[in-house]
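Just so you know, the sequences run in chain order A and B.
Numbered according to this note's numbering, the first sequence spans residues 219 to 522.
Numbered according to this note's numbering, the second sequence spans residues -2 to 248.
Note that beta-carbon positions come from the ideal geometry of N, C-alpha and C, so glycine has one too.
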Amino acid sequence: MDFALVVQTILNGLANGALYAVIAAGFVLVYRATSVVNFAIAEFMLIGAYLTYTMSLFFPLLVALLLALPLAFAFGVLVERGFVRPLLGRNVVAVIMATIGLAATLDGTALILWGPDQKAMGAADISQLPKEMPNLAFSMGGVFLSSKAVWSLILALPLAILLVTLLKYSRYGVLLRAVSESETAALAMGINAPRVVAVAWGISAMMAAIGGAFLAGAAGGGGPGHHLVLLGLIVFPVAILGGFDSVPGAVVAGLLIGLVEAFSQLYLESLLPGITQAIPFLIVLLVLLFRPYGLFGQHRIERV
Amino acid sequence: MSKLLLEAQDLHLSFRGVKALVGVSFSVSEGDLFAVIGPNGAGKTSLLNVLSGLYRPQQGRVVFLGEDLAGQSPQVRVRKGLGRTFQNLELFRGMTVLDNVKLGAELAVGGYTDLAPKAPVEWKIRRHAEEVLDYLHLSPYRHAPAGALPYGLQKRVEVARALAGRPKLLLLDEPMAGLSLEEKQDLARFLLDARREWGVTLVLVEHDLKAVLELSTGVLVMSYGEVLYQGAPAGVRENPRVAEAYLGRSA
């Protein structure tokens, strides 16, 4: 076995996994705060990536990404205020159906606003060269890492860890836990529960935007397009493996699935073409069969 | 004549034709232990929800400390000193007893909005929370997850959490329900102590008439959303409407 190749595969897996981790962490954050399964998470990625793209027409890519984040945050808050809040207290199925409807609506809106073709970051049409992040690609001792992988390792991974730390140690984390345990009680403690929930949606949209903007490029073609909606499905295996209601779990699961994908690409893809795309979902099947609460999920005691 | 703390004026509330409150008016003065009693479905919890801002009445006003509370959100009312507990426990079950009470204590110490806790404030909150825990004899359980405690203790934790916020007026929704006689007596003693020690005015919702008549300074009896009686506890038993709607049937 080629040692350098293994190291390279691990790093690439972690790089991709960090993106999954970021997106899934945001997704789980919303689920924890509001018990809403956001089936429009892939569209959150799509919108975030397109916002980054629009910004990148005027600014360097890194600046564009930073500028897109507050917009994505506002978008998340808007969705919560206009779309989720009115359904508060309704049947779970109603809310699920609503987020599926939201997904379709956002898909269509993105199609109208940005068109059907895949974009390249910073390029208004195909005659222009796409903008790139400052090149950080490096190769050392036979290990080669692309610039994109390095960027996602130094941006997405710390971000995911930062979120977990903030939730554990900051005031907002405590407030969010309080709201997720009982919104009524949180209100009775003078906690501004509506704001806590809105912030959770905002953060979730922001995380999805970062993941979306990076994944859009990572999949080839250098920019956002509707392929992101399919890529976004990866959130569900990651969240389920992580336990669905655990943000740290989502981060660990994201990295794990990234690693599994990378190694499958290396060793299995030649034997079973297409297996890499299926593997996360195979993992989900196994998780649901043998450990339904995932890696870090709460064990629920069912009273019959 | 002590200061008027809370005033409900002609409250009406209905849910699609079901009338939960029909012209309910009463007032609570500082230092009172005011009891709201009535059989199940009398509208007691609806009344509390209107007072604490979870429901919006179709008609009528809630005046607290001389200020009309109309349009103010539940969390704002709590910060003004109008605390409450719930009939069906609303604890933060996954958190420890201490963390529950600390969230309450934050209200009293001045909840801070900083992202990272500041040591002196945190220290103050912690000390305040410990004081309340000690007072309610909950210190031995401070590190237990609230949801894992027996029912009676959970009820007491909820009262502790609300008291830690040092409310001027505390609305208690059936705090005695489901408790053993001994636990009831304990809780009644804690509440009386808190009232004397911290000057908390109490509004106690109960369906157990006997439990409150000895404690309270004022009584409101409700049935089907209407006020049957308001006044001194001594007069409740003699009131013919109360006897008919409540005592007569349950006896």
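Opposite residue i in the DSSP bridges: which residues?
i: B:Leu1; result: B:Ser26
i: B:Gln227; result: B:Leu217
i: B:Arg81; result: B:Leu168
i: B:Thr93; result: B:Pro142
i: B:Leu10; result: B:Leu18
Would residue i and residue j qualify as a contact pair, given that the criterion is a beta-carbon distance under 9 angstroms?
i: B:Lys152; j: B:Ile122; result: no
i: A:Glu298; j: A:Val415; result: yes
i: B:Tyr226; j: B:Val239; result: yes
i: B:Ala17; j: B:Ser11; result: yes
i: A:Ile241; j: A:Val382; result: no
i: A:Leu503; j: A:Thr494; result: no
i: A:Val505; j: A:Ala243; result: no
i: A:Leu275; j: A:Ala328; result: no
i: A:Ala290; j: A:Gly420; result: yes
i: A:Val456; j: A:Ala434; result: no
i: A:Leu459; j: A:Leu513; result: yes
i: A:Leu380; j: A:Gly235; result: no
i: A:Val254; j: A:Val311; result: no
i: A:Leu354; j: A:Ala258; result: no
i: B:Gly215; j: B:Lys165; result: no
i: B:Gly28; j: B:Ser(-1); result: yes
i: B:Val156; j: B:Leu133; result: yes
i: B:Arg58; j: B:Leu45; result: no
i: A:Val225; j: A:Val361; result: yes
i: A:Ala427; j: A:Phe245; result: no
i: A:Gly443; j: A:Lys337; result: yes
i: B:Leu8; j: B:Gln84; result: no
i: B:Ala126; j: B:Gly107; result: no
i: B:Arg124; j: B:Leu95; result: no
i: A:Ile265; j: A:Phe293; result: yes
i: B:Lys181; j: B:Ala208; result: yes
i: B:Leu169; j: B:Leu199; result: yes
i: A:Ala260; j: A:Leu451; result: yes
i: B:Glu70; j: A:Leu405; result: Before going further, note that residue 70 of chain B is Ser rather than Glu in the sequence given. Yes, Cβ-Cβ distance for B:Ser70 and A:Leu405 is below 9 angstroms.
i: B:Val60; j: B:Pro54; result: no
i: B:Leu86; j: B:Tyr148; result: yes
i: A:Leu384; j: A:Ile409; result: no
Could you pull the start and end residues of the alpha helix (DSSP H) that residue i belongs to?
i: A:Glu399; result: 389 to 399
i: A:Thr272; result: 259 to 274
i: A:Val248; result: 221 to 252
i: A:His177; result: No statement about residue 177 of chain A is possible, as the shown extent of chain A runs from 219 to 522 and does not include it.
i: A:Phe277; result: From DSSP, A:Phe277 is part of no alpha helix (DSSP H); its letter is neither H nor E.
i: B:Arg76; result: 71 to 76
i: B:Val233; result: Run containing B:Val233: none; DSSP gives neither H nor E here.
i: A:Val255; result: Counting along the chain, A:Val255 falls outside any alpha helix (DSSP H), and DSSP gives it neither H nor E.
i: A:Pro455; result: 453 to 460
i: A:Gly476; result: 465 to 481
i: B:Tyr212; result: Checking the sequence, you will find Leu at residue 212 of chain B rather than Tyr. Note, B:Leu212: premise wrong, no alpha helix (DSSP H); not H, not E.
Identify the continuous beta strand (DSSP E) that holds residue i and give its terminal residues.
i: A:Phe362; result: 361 to 363
i: A:Arg171; result: With chain A covering 219 to 522 only, the question about residue 171 of chain A has no answer from this structure.
i: A:Phe301; result: Taken as a continuous stretch (DSSP letters only), A:Phe301 belongs to no beta strand (DSSP E), as it is neither H nor E.
i: B:Leu201; result: 198 to 203
Assuming residue i contacts residue j under a Cβ cut-off of 8 angstroms, what Cβ separation, rounded to an integer in Å, is found between them?
i: A:Leu237; j: A:Ala374; result: 5 angstroms
i: B:Leu88; j: B:Val154; result: 6 angstroms
i: A:Ala431; j: A:Thr270; result: 4 angstroms
i: B:Val118; j: B:Ala161; result: Contact flag wrong, Cβ pair sits at about 15 angstroms.
i: A:Ser422; j: A:Leu247; result: 5 angstroms
i: B:Glu171; j: B:Glu194; result: The pair is not a contact, with the Cβ atoms about 23 angstroms apart (cut-off 8 angstroms).
i: B:Arg76; j: B:Gly50; result: Rounded, the Cβ-Cβ distance is 11 angstroms, inconsistent with contact.
i: A:Ala239; j: A:Val469; result: 4 angstroms
i: A:Phe277; j: A:Leu287; result: Wrong, their Cβ atoms sit about 13 angstroms apart, outside the cutoff.
i: B:Ser213; j: B:Ala32; result: 4 angstroms
i: A:Gly515; j: A:Gly467; result: 6 angstroms
i: B:Ala141; j: B:Thr82; result: The Cβ separation is near 19 angstroms, so there is no contact.
*Which ranges does the beta strand (DSSP E) cover as unbroken runs of at least 3 residues, wholly within the segment 106 to 193 of chain B, from first to last along the chain?*
166 to 170
*Going along the chain, which unbroken runs of the alpha helix (DSSP H) with 4 or more residues stay wholly within the segment 12 to 68 of chain B?*
41 to 49
*Please list the residues of the segment 79 to 104 of chain B that have a C-beta atom closer than 8 angstroms to any C-beta atom in chain E, keeping them in chain order.*
As a matter of chain content, chain E is missing from the structure shown, whose protein chains are A and B.
_Suppose only complete runs of 3+ residues qualify. What are the beta strand (DSSP E) ranges in the segment 313 to 362 of chain A, listed by chain order?_
356 to 358
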